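Quick note on our numbering: the sequence shown kicks off at 41 and runs consecutively. Every residue gets a Cβ at the ideal spot worked out from N, C-alpha and C, and that includes glycine. What you are looking at is a predicted structure, and each value in this text was computed from that prediction instead of being measured.
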Amino acid sequence: MVSMNKVIYSNLAHRPIRSIISVTAVAVEVTLILVIVGLSMGILNDAKSRQAGIGADLMVKPPGSSMVGNLSSAPVSIKVADVIAKQPHVKAVAPVITQFNTSGAVEILYGIDIPSFEAVGSPFVYLEGGPFTGPDDILVDEYIASSKNLHVGDSMEAMNHAFRICGIVANGKGARKFMPIRTVQELLGAENKASIFYVKLDDAAKTDEVIAQLKQVPGMGSYGIQSMKEWLSLMTPDNIPGFSAFIKVVVGVAVCIGFIVIFQSMYTAVMERTREIGILKSMGASKTYVVRLILRESLMIATAGVIVGILLSELARYGIVSKFPTVRVMIEWGWIARATAIALTGALLGAVYPAYRAAEKDPIDALAYE
41 MVSMNKVIYS NLAHRPIRSI ISVTAVAVEV TLILVIVGLS MGILNDAKSR
91 QAGIGADLMV KPPGSSMVGN LSSAPVSIKV ADVIAKQPHV KAVAPVITQF
141 NTSGAVEILY GIDIPSFEAV GSPFVYLEGG PFTGPDDILV DEYIASSKNL
191 HVGDSMEAMN HAFRICGIVA NGKGARKFMP IRTVQELLGA ENKASIFYVK
241 LDDAAKTDEV IAQLKQVPGM GSYGIQSMKE WLSLMTPDNI PGFSAFIKVV
291 VGVAVCIGFI VIFQSMYTAV MERTREIGIL KSMGASKTYV VRLILRESLM
341 IATAGVIVGI LLSELARYGI VSKFPTVRVM IEWGWIARAT AIALTGALLG
391 AVYPAYRAAE KDPIDALAYE
């Protein structure tokens, strides 16, 4: 009996266009999964790392705020910071205004007081320039500066207001753009108000104790008081509304692509090779041999598609990050393994019926097929 691998290689080489199209379709399936999931996870983990980089031990959010995020402007009095600061073990409090911005890019802008913000965590690392010197100054992180080729002294518009870039800072301190808190208050018409309060303790082990103390303060019981550790633990796909559903839809679409393409390719191959299959069966090939032949050919196509897909995903990741430095794409080995398993499973399922049809062909009818 002719070597099965030799038969498979000959079939693939004899129909190069169909083989290339099939490999490309599987590669698109893998790339779709890795890039979109990687983009989603990259954005989520980037937000987590930047929040952790603030250095706070806990955060206090206004009543009614989501436990996962806070996109409101400035709904409570900034004097809440004084109430928090009076509690035992509280070392520093930084009131911040968070403003959701969709002009040009979806982002969160921070209005801050630099001394209190740095007291909660660590000083900004200035790559160019320095801190605010006027009400119309703005700090941007290195990724924003790189993506738009910005330097100290350049102008930038935010919240329909013209700002001057006074400094470029290292990434990882919450937002990517920082403005004086008083300027943001004026632009929002929210003088002496803030959105969130970051709190630094003299002993991080006292976090739960301080949270309990704050909740006992009159008027503070309805506030969202949460440790940074707890907040970071909640920033997972399962806790972000719609995130898991989005990932499942992406994977489902990718599986459909792989299944349909492999099914079409293998079914067409069986129809085209009716006479060849008849010859194999007349030479003693069993039904099991024919089924294995079709399934192994589909697996070979899928394997090649997976390899190409992984390479395309890495190229796509490099291209996205080069074009949009503020966007993170995380292609993890765990998702590479899942995408590989999904592609191979889809290929096998798509080849089952064509393999069955091939195995059931009568050798006499197949030899007479024109």
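State the Cα-Cα distance for the pair I376 and P56, rounded to the nearest angstrom.
Translated into positions along the sequence shown, residue 376 becomes position 336. Translated into positions along the sequence shown, residue 56 becomes position 16. Using only the alpha carbons, I get a separation of about 27 Å.
Any idea if D122 is buried or exposed, counting beta-carbon neighbours within 10 angstroms, 16 or more meaning buried?
As a first step, residue 122 is located in the sequence shown; it is residue number 82 there, counting from the start. Answer is exposed; the Cβ neighbour count stays below 16.
Take V257 and list the residues in its own chain whose beta-carbon comes closer than 8 Å to its own, dropping the five residues that flank it on each side.
Position 217 of the sequence shown, counted from the start, is the residue given in the question as residue 257. These residues qualify, in order along the chain: V123, Q127.
For a test of the three-state rule: what should DSSP assign to E158, helix, strand or coil?
Reading the sequence shown from its first residue, position 118 is the one you call residue 158. Correct three-state label for E158: helix.
Whole angstroms are fine: how far does the CA of R222 sit from the CA of E231?
The residue labelled residue 231 in the question sits at position 191 within the sequence shown. The residue labelled residue 222 in the question sits at position 182 within the sequence shown. E231 and R222: Cα-Cα distance of roughly 7 Å.
How do the stretch 247 to 265 and the stretch 145 to 164 stand: do at least 3 beta-carbon pairs fall below 8 Å, yes or no?
Verdict: no, contact absent.
Is the number of C-beta pairs between the stretch 351 to 364 and the stretch 288 to 306 that are closer than 8 Å three or more?
Counting Cβ pairs under 8 Å, fewer than three are found: no touch.
Across which residues does DSSP place M219 in a beta bridge pair?
Against the sequence shown, residue 219 aligns to sequence position 179. Bridge partners of M219: G151.
Report yes if the C-beta of M260 is less than 7 Å from at least one heavy atom of the ligand PLP; otherwise report no.
This structure simply doesn't include the ligand PLP, nor any ligand for that matter.
Below 8 Å between beta carbons: does that hold for V70 and G374?
Stepping through the sequence shown from its first residue, residue 70 is reached at position 30. Stepping through the sequence shown from its first residue, residue 374 is reached at position 334. Not in contact: V70 and G374 (Cβ atoms no closer than 8 Å).
Where DSSP assigns a beta bridge to G169, which residues make up the other side?
Position 129 of the sequence shown holds residue 169. Answer is G207.
Please say whether V295 and G78 have beta carbons closer to each other than 8 Å?
The residue labelled residue 78 in the question sits at position 38 within the sequence shown. The residue labelled residue 295 in the question sits at position 255 within the sequence shown. Contact flag unset, no.
So which of G292, P365, R336, S305 has the shortest CA-CA distance to L72?
Locating residue 72 in the sequence shown gives position 32, where the first residue counts as 1. Selected option, being the one with the closest Cα: G292.
Kindly indicate the opening and closing residues of the alpha helix (DSSP H) around G82.
Along the sequence shown, one-based indexing puts residue 82 at 42. It spans 56 to 92 - the alpha helix (DSSP H) in which G82 sits, taken as one unbroken run.
Return the chain-ordered list of same chain residues with a C-beta closer than 6 Å to the C-beta of F303, the five sequence neighbours on each side being excluded.
Position 263 of the sequence shown, counted from the first residue, corresponds to residue 303. G390.
Please list, in chain order, all residues of the same chain as L190 whose beta carbon is under 8 Å from its beta carbon, the five residues on each side excluded.
As a working mapping, residue 190 is identified with position 150 in the sequence shown. Hits under 8 Å: V180, I184, M196, I205, I208.
Name the DSSP bridge partner or partners of M275?
Taking the first residue of the sequence shown as position 1, residue 275 is located at position 235. According to DSSP, which records beta bridges pairwise, M275 is partnered with nothing at all.
Once you ignore the five residues that flank T64 on each side, which residues in its own chain have a CB closer than 6 Å to its CB?
Locating residue 64 in the sequence shown gives position 24, where the first residue counts as 1. Counting only Cβ-Cβ distances below 6 Å, and skipping sequence neighbours, we find nothing.
With DSSP run on the structure shown, which of helix, strand or coil describes N110?
Against the sequence shown, residue 110 aligns to sequence position 70. Residue confidence for N110 is low, a pLDDT of 49 falling below 50, so the modelled location carries little weight; the figure read from the coordinates is stated next. Coil at N110, not helix or strand.
What does the alpha-carbon distance come out to for the pair T11 and V75?
The structure shown does not extend to residue 11, since the chain spans only 41 to 410, so no value can be given for it.
Rounded to whole angstroms, what is the Cα-Cα separation between T17 and E168?
Any answer about residue 17 is impossible in this case: the structure gives the chain only from 41 up to 410.
What does a CB cutoff of less than 6 Å around A125 pick up in its chain, not counting 5 residues either side in sequence?
Taking the sequence shown and counting its residues from 1, one reaches residue 125 at position 85. Closer than 6 Å at the Cβ level, and outside the excluded window around A125, lie V133.
Once DSSP output is grouped into helix, strand and coil, what is the label at F164?
Translated into positions along the sequence shown, residue 164 becomes position 124. F164: coil per DSSP, three-state reduction.
DSSP puts F283 in a beta bridge; with which residues?
Along the sequence shown, one-based indexing puts residue 283 at 243. Partner(s): none; F283 has no beta bridge.
Measuring alpha carbon to alpha carbon, tell me which residue in E226, K233, A198 is nearest F218.
Taking the first residue of the sequence shown as 1, we reach residue 218 at position 178. For the residues E226, K233, A198, the minimum Cα distance to F218 belongs to A198.
Based on Cα-Cα distance, which residue from T308, K363, F364, L352 lies nearest to S485?
Because residue 485 is not part of the residues shown, which for the chain are 41 to 410, the question remains open.
In whole angstroms, give me the CA-to-CA distance for A387 and L352.
Indexing the sequence shown from 1 puts residue 387 at position 347. Indexing the sequence shown from 1 puts residue 352 at position 312. Approximately 19 Å between the Cα atoms of the pair.
Which ranges would you report for the beta strand (DSSP E) in the stretch 345 to 383 if only whole runs of at least 3 residues count?
Complete beta strand (DSSP E) runs here, min 3: none at all.
Can you round the beta-carbon distance between K2 and A96 to whole angstroms, since I take them to be within the 8 Å contact cut?
Any answer about residue 2 is impossible in this case: the structure gives the chain only from 41 up to 410.
Looking at the secondary structure, which residues open and close the beta strand (DSSP E) in which A266 lies?
What you label residue 266 is simply residue 226 of the sequence shown in a count that begins at 1. The amino acid occupying residue 266 in the given sequence is Gln; Ala does not appear at that position. Unbroken beta strand (DSSP E) run through Q266: 264 to 267.
F157: buried (16+ other C-beta within 10 angstroms of its C-beta) or exposed?
In the sequence shown, counting from the first residue as 1, residue 157 sits at position 117. Classification of F157: buried, given that the 10 Å Cβ count is 16 or more.
Nearest CA to the CA of V160: which residue from T138, L98, T276?
Counting from 1 along the sequence shown, the entry for residue 160 is found at position 120. Among T138, L98, T276, the Cα nearest to that of V160 belongs to L98.
Give the single residue among Q266, I61, D243 whose Cα lies nearest to the Cα of A252.
Mapped onto the sequence shown, residue 252 falls at position 212. The shortest C-alpha separation from A252 is found at Q266.
Can you pull the DSSP bridge partners for E197?
Taking the first residue of the sequence shown as position 1, residue 197 is located at position 157. E197 pairs with A202.
Going straight from the alpha carbon of L384 to that of P155, what length do you get?
Here residue 384 refers to the residue found at position 344 of the sequence shown. Here residue 155 refers to the residue found at position 115 of the sequence shown. Rounded to the nearest angstrom, the two C-alpha atoms are 56 Å apart.
Roughly how many angstroms lie between the CA atoms of Y396 and V330, to the nearest whole one?
As a working note, residue 396 is residue 356 in the sequence shown. As a working note, residue 330 is residue 290 in the sequence shown. The alpha-carbon atoms of Y396 and V330 are separated by roughly 9 Å.
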